[in-house]
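Heads up, the thing below is written out as structure tokens.
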Amino acid sequence: MRYIADLHIHSAYSRATSSDLDFEHLYIWAQIKGITVLATGDYTHPAWFAQISEKLVPAEPGLFRLKDDLAKVCDAEVPAACRRPVRFVLSTEISNIYKKAGAVRKNHNLVFMPGLKAAARFNAKLGAIGNIQSDGRPILGMDARNLLETALEVSSDAFFVPAHVWTPWFSLFGSRSGFDAIEACFEDLTDQVFALETGLSSDPPMNWRVSGIDGRTLISNSDAHSPANLGREANLFDTELSYGAMIDAMKTGDPDRFLGTYEFFPEEGKYHLDGHRDCGIRLHPAQTRQHQGLCPVCGKPLTLGVLYRVEELADRDEGSLPAKSHPFYSIIPLPEIISELVGVGPKSKKVVQAYRSVLERLGPEFDILYRLPAEEIVQSGLPLLDVAVSRMREGKVTRSAGYDGAYGRVTLFSDGEIERLKGEQHLFAVPNAPAPAKQVPLVAAPRQASLFEAPDVVPAPVVAEPENITAGLSTAQLAAVNHGAGPMVIVAGPGSGKTRTITCRMAHLIQARQVPAGAVLAITFTNRAAREMADRLAAMLGGNTDLPFVSTFHGFCLGLLREQGGFDAVVLDEYDRRILAKTVLKRAAAGKADGLPGPDRLLDMIASAKQAMLGPGDDLSGVARETAPDLLATLYGDYQALLAENSGCDYEDLICRAVDLLEGHKDVRQTAQQRFVYIFVDEYQDVNHAQYRLIQALAPAGGNICVIGDPDQAIYGFRGASAAYFQTFETDYPGAARFFLEKNYRSTQTIVSAAYHVITGQDDDPGRVRVYSDIAGVPVVTVARLASERAEAVFAGRTIERMVGGLGFHSVDFGKAGYEAPAGLGFADFAVLCRTRRQTEVFADVLESAGIPCHVVSKQRIYAARGVGEAISLLRLAEGQATFIDLEKAGGVLYGATAAKKQAVISAWAKERNLPAAEVLAATERFPVPGLSQAAQRRLAGAARTVAELKARTGHLPVAGRLRFLIENMEPLATLVNGSKKNREAFDAAVEAARPAGTDATAFFDTVALAADADAVMPGVDRVRLMTLHAAKGLEFAVVFVAGCEEDLVPFSGYGDRATDIDEERRLFYVAMTRAKERLFLTWAKNRTLYGKRKACTLSRFVADIEGDLKEQAEVETGRPPKDGHVQMELF
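Here it is in structure tokens:
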């Protein structure tokens, strides 16, 4: 069966599209055009997917049709001569914007799916990665290669096609952000790319000049943003009507089944030639090269068109034909032909009426354009239509090429010719085509011989060799690396190469001084910092060399306790600790205790006590705040008792117990000191008393200890940290060598100077090292005053859109991208830093609604999400490492809400029998639990069998696989996880966090318990990072927005019973500013809702400390977005 297919369109849920893009209008216009198979488009959008499910029904295998009742109503709107069956195939377009090989890549890709179930699975995977709800063509910070892999993982019948591959801004080969070869983009999956979409600005002969495309089927589609634009380009098939047959024809390129394409004249596309629309400049590639790619009017970079890019990659002469090719037929849309004949615009009432009349007489548009003989077209009733169509078929047209987003124009008649021909009534012959009209004011470029190199070849991966570890170090860094034995302290300003310096020293000790790697210990504060340090060491030392022991404080203590102290307790995460605190307070309230704190306040006080190495029996007046010390002692003791009942310990217990072990057992201490001969402590200015004593126990006076940090970046006083330990290091370790790292390699001098003005506002410390930078850049930081917190987020979103060069064609065409957007910026180069977590939620809401991929960096968003804690508790039960809290959390999933309400009865019964939590369920199969009904008892027994089966069926799987198994096989858990997009994202993030653990469930449980916010940065996907100022410590970004630069937020005044430490708040702001490499935006709101009240705001005193010549003041008024969320032109 011969039929026409248009396989790339959009719905009304895509930006800058017509509101008429619903299935009824698509069905009508497909018949009018003569299209048999039409893409659904946009199936990733939840609302459009719902319409697909509601309005379409299965037809032939893998295809869908409009429901009969809807089709009957629509058929009445279609001219009788045009009526025919219409089928839909599931397709969507994804916008991938990401960094690869040192450059930002922006490409669009089509993904076809064989059915609704596969599409739903694909949507679920993408929904966990980014926002698919705000745009029918979602923007993902995901490598296109990984998108292809994901599609094939969902269904082996998925079909992937890079879209409009030559478009400058958003395509595989685009001059602005594309690749030089398919292999560079898709790597090992290149052989799974069977077809390419040519786009409106290129035709097959242009593509045939690039041999790297050979063997792939060239398809063409309309990319329609309105129903009337269907079929601007399309494909011609001769297969049975089914998804499989159509996809196979494109995969194989069988010329008997894939018959070719209908193409725009490429000059009519809006990116065919080079140019600068604002200046009215349009150039042929040779002219562009003469002008060195710059506009001859304004001097800004030209937008390089498709023809330029083709010539850049071409390794064949014009007119060359590859071994495998298909026919193509150039077309002009019928309304444009009629418009030229009648002399008015193609959307005018006169043209619309004439178009309808022609269709009623002759049938669908494609029949008129290419099937009907000229003598039949004469019967249309429209003079010269047969002449016009014949000229189009023969390519006898005049072309004025499009450029820089402006469509070109293709005409069939010269000025005055139509009236002359009508007068002569030469309707029986086709006149000769006129000479082409002059197109541009510049001289036409001569045809060039091949002057361009072949496409880049992707090099094969190489095995890493050990680096020259000291190459490129500064004099100050090298002095620290080469220091001999004995204690040393490195004062390292922000961006001064702190991590590189200490990793180089470790590698130098191992390589040059033959220190065994196992004798070197490095302690950090976050898992992320530990991973970065370990990765750098592996690169320096080579893959086959043992590495030093690198861990966080808490991770090291946990390992020490298990190895030397017989420790087998479960480490509770902060969410389980909160449950215990609430239980303690509930019991105290029942005992009529007065002045009880809230659970969070109680946990803060207990943590402060443990950080100071104080137990329930010690003097707690220094940490009790507004709570009576005696009451705190009682609550603290009850809390510790509950921990013991659950065979657990909390986060701070790890260090306290490790310190007790080392200080109280000389043999253990000596073993540790003999094993770790060289000790490195990162961020030493942030240690608390317990951590200080741990270091003292590990590294005796005169030992080989190296601490590194910066007192100006001490920001954890609220958790007991004190920079005093940094200042007294040389007292603790007499004769310690001191080194200063003063040069900032991260930030521009402007940012460094502005930050210096802020930090020197706290004091005039004569010992402070003034950091400097050699990096030039924008001479000011931007201070932006906005109307509200939401306006802050809109400002950030608009700025990000401009600086990444636009998010889509709508950004480019409406001037939002800008010619001066910095090169190489992807979404992951941006961060928004906020003083509170609540602020990040506002930014997430605004950016996600605009389709900007973003990620709130917060462990709470992962592990406190519904379904995640339950899944982890189920795993603990299966692994025999459960607490009674796990029983409570998993109860609703395992044995239903009714039985779960009896958890207190179950726990009390277990404690009477001295049963550990991990054995409770199994025991209920053998012994009845008093107080439970028979039905509840049966559900408990069933839960025990479920846990046993879970262990049997998943014990061999990696931990990530076990989590996936849970959600795929336990409906109550799946209901929780899939109850919201945030829950699903959190669950998928937990799965990713489990991957490094392999099959070691205990390692995963440790990761969860010891995680910090900074560890919640999701790798592998380009997203704007939204995080608190504290979580940003140790990170860096090209562009940083510090939001909420107002009094009461910066500095923060919401501590309640604790006075604000202005100096620490100043240091925190200093840390935030120095995360920025290239641009720094300090934003504040005139009005903000804070602590539940709307209030007028004043600019932060810290911003006022920055000298005026370093600040650019901006006041931005952002109007309210329209209530109708369907207005597509604006992101915000």
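Quick note on UniProt numbering: the sequence shown kicks off at 1 and runs consecutively.
Virtual Cβ for every residue (Gly too), placed ideally from N, Cα, C.
One or two residues paired with residue i in a DSSP bridge
{"i": "Trp-1084", "result": "Arg-785"}
{"i": "Val-1024", "result": "Cys-854"}
{"i": "Pro-162", "result": "Asn-109"}
{"i": "Cys-834", "result": "Thr-1028"}
{"i": "Met-803", "result": "Looking at the DSSP assignment, Met-803 forms no beta bridge with any residue, so it has no partner."}
{"i": "Ser-400", "result": "Arg-409"}
{"i": "Phe-366", "result": "Answer is none; Phe-366 lacks a bridge partner."}
{"i": "Arg-65", "result": "Val-57"}
{"i": "Thr-217", "result": "Ala-195"}
{"i": "Glu-263", "result": "Ser-330"}
{"i": "Leu-236", "result": "Ile-4, Gly-260"}
Close beta carbons around residue i, own chain, < 6 Å, minus the five adjacent residues each side
{"i": "Leu-90", "result": "Thr-40, Tyr-43, Met-113, Ala-119"}
{"i": "Asp-576", "result": "Ile-885"}
{"i": "Ala-943", "result": "Leu-894, Tyr-895, Leu-921"}
{"i": "Tyr-725", "result": "Val-687, Tyr-692"}
{"i": "Ala-437", "result": "Note that Ala-437 scores 34 on pLDDT, short of 50, meaning its location in the model is unreliable; the coordinates nonetheless yield the value given after this. The answer, listed in chain order, is Thr-398."}
{"i": "Glu-683", "result": "Phe-525, Gly-709"}
{"i": "Pro-487", "result": "Ile-705, Tyr-733, Ala-736"}
Whole-angstrom distance between residue j and residue i, CA atom to CA atom
{"i": "Val-387", "j": "Ala-128", "result": "55 Å"}
{"i": "Val-691", "j": "Ala-723", "result": "Here residue 691 turns out to be Gln, not Val, going by the sequence shown. The straight-line gap from Cα to Cα measures roughly 12 Å."}
{"i": "Cys-185", "j": "Glu-848", "result": "26 Å"}
{"i": "Ile-523", "j": "Phe-729", "result": "17 Å"}
{"i": "Asp-1109", "j": "Asp-415", "result": "60 Å"}
{"i": "Val-758", "j": "Thr-671", "result": "46 Å"}
{"i": "Leu-427", "j": "Phe-413", "result": "Only weak support exists for where Leu-427 lies, its pLDDT of 36 falling under 50; the value from the coordinates is given anyway. About 14 Å."}
{"i": "Ala-1003", "j": "Ala-997", "result": "6 Å"}
{"i": "Arg-84", "j": "Leu-147", "result": "36 Å"}
{"i": "Val-668", "j": "Leu-521", "result": "16 Å"}
{"i": "Ala-699", "j": "Val-1040", "result": "39 Å"}
{"i": "Ala-314", "j": "Ile-28", "result": "41 Å"}
Environment of residue i [buried if 16+ CB atoms lie within 10 Å]
{"i": "Thr-252", "result": "exposed"}
{"i": "Lys-106", "result": "buried"}
{"i": "Gly-806", "result": "buried"}
{"i": "Arg-420", "result": "exposed"}
{"i": "Gln-514", "result": "exposed"}
{"i": "Met-1", "result": "exposed"}
{"i": "Asn-207", "result": "buried"}
{"i": "Phe-160", "result": "buried"}
{"i": "residue 1135", "result": "Residue 1135 lies beyond the range of the chain shown here (1 to 1132); nothing can be said about it."}
Limits of the alpha helix (DSSP H) - the one that residue i falls within
{"i": "Cys-557", "result": "553-564"}
{"i": "Met-1073", "result": "1062-1073"}
{"i": "residue 1135", "result": "Since the first residue shown for the chain is 1 and the last is 1132, residue 1135 is missing from the structure and cannot be characterised."}
{"i": "Gly-961", "result": "959-969"}
Range of the contiguous beta strand (DSSP E) that encloses residue i
{"i": "Thr-999", "result": "Element bounds for Thr-999: n/a, residue is neither H nor E."}
{"i": "Pro-1051", "result": "Neither: Pro-1051 is in no beta strand (DSSP E) and is coded neither H nor E."}
{"i": "Ala-195", "result": "195-197"}
{"i": "Pro-322", "result": "Pro-322 -> no beta strand (DSSP E), and no H or E assigned at all."}
{"i": "Arg-2", "result": "2-6"}
Same chain only: Cβ atoms within 7 Å of residue i, ignoring 5 sequence neighbours per side
{"i": "Val-1103", "result": "Val-783, Cys-1045, Leu-1082"}
{"i": "Phe-1052", "result": "Arg-835, Thr-1060, Glu-1065"}
{"i": "Ala-449", "result": "Annotation note: pLDDT 28 at Ala-449 (below 50); position unreliable, no value reported."}
{"i": "Val-443", "result": "Because Val-443 sits at a pLDDT of 29, beneath the cut-off of 50, its placement in the model cannot be relied upon, and the following sentence gives the value as read from the coordinates. Cβ within range, chain order: n/a, list empty."}
{"i": "Val-780", "result": "Thr-750, Leu-1110, Lys-1111, Glu-1112"}
{"i": "Ser-380", "result": "Val-358, Arg-361, Leu-362"}
Sequence-distant residues of its chain with Cβ nearer than 8 Å to residue i (five each side left out)
{"i": "Val-1024", "result": "Ile-800, Phe-827, Ala-828, Phe-830, Ala-831, Val-832, Leu-847, Ile-852, Pro-853, Cys-854, His-855"}
{"i": "Pro-46", "result": "Asn-123, Ile-132, Gln-133"}
{"i": "Ile-377", "result": "Leu-362, Ile-368, Leu-385, Asp-386, Val-389"}
{"i": "Pro-346", "result": "Pro-333, Pro-335, Glu-336, Ile-338, Ser-339"}
{"i": "Val-1071", "result": "Pro-494, Gln-713, Ile-715, Leu-1029, Ala-1032, Lys-1033"}
{"i": "Gly-34", "result": "Ile-4, Cys-82, Arg-84, Gly-231, Gly-363, Pro-364, Glu-365, Phe-366, Asp-367"}
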